[in-house]
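What follows is a set of notes on a single structure, which appears directly below.
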DNA sequence: ATGTCTCCTAAGAGGAGA
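Residue numbers (our numbering): 2 to 262.
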């Protein structure tokens, strides 16, 4: 089972990149973020023609998440139940034995912004949602754009970024609080090259200079960790014409060792 | 290095968001 995540920064603009990537890598589930379109405008026919089902939570212009999958998802849930939010950031469904959540965490803008306090409130609600989800679905994967670089080694210039949004202590603590529920950052289960990032600013030639941050993550519950075979960031699509500012991340899980039933 | 990309409104460029 291969589970991937990709912030596409507009599914309309990035459709060809996504179709090409599906065709190349055949993920079991691809979690998308920043669709930037309403569900009715989602390019469902093209996705289905590529052999994928889609569950979509969209809105006009901003945010928006989806789950693309080879088999239809079961028991979909949109948003964080009990947390009023007009922004479409979360969608969950079950694939086989595994619950998968596609998530687009708030950016926060800056430490003094109202968006930053919203980000921290949102993370607290998301933590509670994951706690409840884990008790019902021990085999859980939470994949998406977290807008948090968890450690200094996830930042190209940690001195310059110290305390800045995406790297501040409260954000890192909010991220660590998710891990404390019994989730692991699958990327760190394996040896990785230094200075591997998932996001590079569009400006200043940041990608070519590898001025990046690792803010896109695939968290796996403790019940799934032993079956995780790999976690890789694919920088290839970031080098294409008209790229998203994010690269896809994907993790592979073996099917065998599920202790269910 | 107020730089880049994508969306919106609204009929031009400018603002929001990232």
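For glycine and all other residues, C-beta sits at the position ideal for the given N, C-alpha and C.
Quick caveat, the model's predicted, so the values are computed rather than measured.
Residues of its chain near residue 38, where Cβ-Cβ distance is below 7 Å and the 5 sequence neighbours each way are ignored: Within the same chain, residue 38 has close Cβ partners 12, 13, 59 and 65.
With H, G and I counted as helix, E and B as strand and the rest as coil, what does DSSP make of residue 5? Residue state, collapsed to three classes: strand.
Which whole-angstrom value describes the C-beta separation of residue 252 and residue 231, a residue pair presumed to lie in contact below a C-beta threshold of 8 Å? At roughly 7 Å, the Cβ-Cβ gap stays under 8 Å, so residue 252 and residue 231 are in contact.
Name the two residues that bound the continuous alpha helix (DSSP H) containing residue 19. DSSP places residue 19 in the uninterrupted alpha helix (DSSP H) bounded by 12-26.
Quick check on the DSSP output: the beta strand (DSSP E) that includes residue 159 runs from which residue to which? That residue, residue 159, is in no beta strand (DSSP E); its alpha helix (DSSP H) goes 159-162.
Could you give the distance in angstroms between the alpha-carbon of residue 157 and the alpha-carbon of residue 30? Approximately 29 Å between the Cα atoms of the pair.
Length of the line joining the Cα atoms of residue 226 and residue 195: Distance from the CA of residue 226 to the CA of residue 195, rounded to the nearest whole angstrom, comes to 22 Å.
Please confirm whether residue 104 and residue 145 have their CB atoms less than 7 Å apart. Yes, these two residues count as a Cβ contact at 7 Å.
With a threshold of 8 Å, are at least 3 pairs of Cβ atoms found where one atom belongs to the stretch 119-129 and the other to the stretch 229-248? Between the stretch 119-129 and the stretch 229-248, the count of C-beta pairs closer than 8 Å stays below three; the two stretches do not touch.
Rounded to whole angstroms, what's the CA-CA distance from residue 164 to residue 50? Just pull it up for me. For the pair residue 164 and residue 50, the Cα-to-Cα distance works out to about 45 Å.
Could you pull out every residue in the same chain whose Cβ sits closer than 6 Å to the Cβ of residue 108, ignoring the five residues on either side in sequence? Same-chain partners within the cutoff: 148.
Between the Cα of residue 173 and those of 151, 181 and 191, spot the shortest distance and give me the residue it belongs to. Closest option to residue 173, judged by alpha-carbon separation, among 151, 181 and 191: 151.
Sequence-distant residues of its chain with Cβ nearer than 6 Å to residue 106 (five each side left out): Cβ neighbours of residue 106 within its own chain (closer than 6 Å, five residues either side excluded): 147 and 148.
CA-CA distance, residue 90 and residue 42? Roughly 17 Å separates the two Cα atoms.
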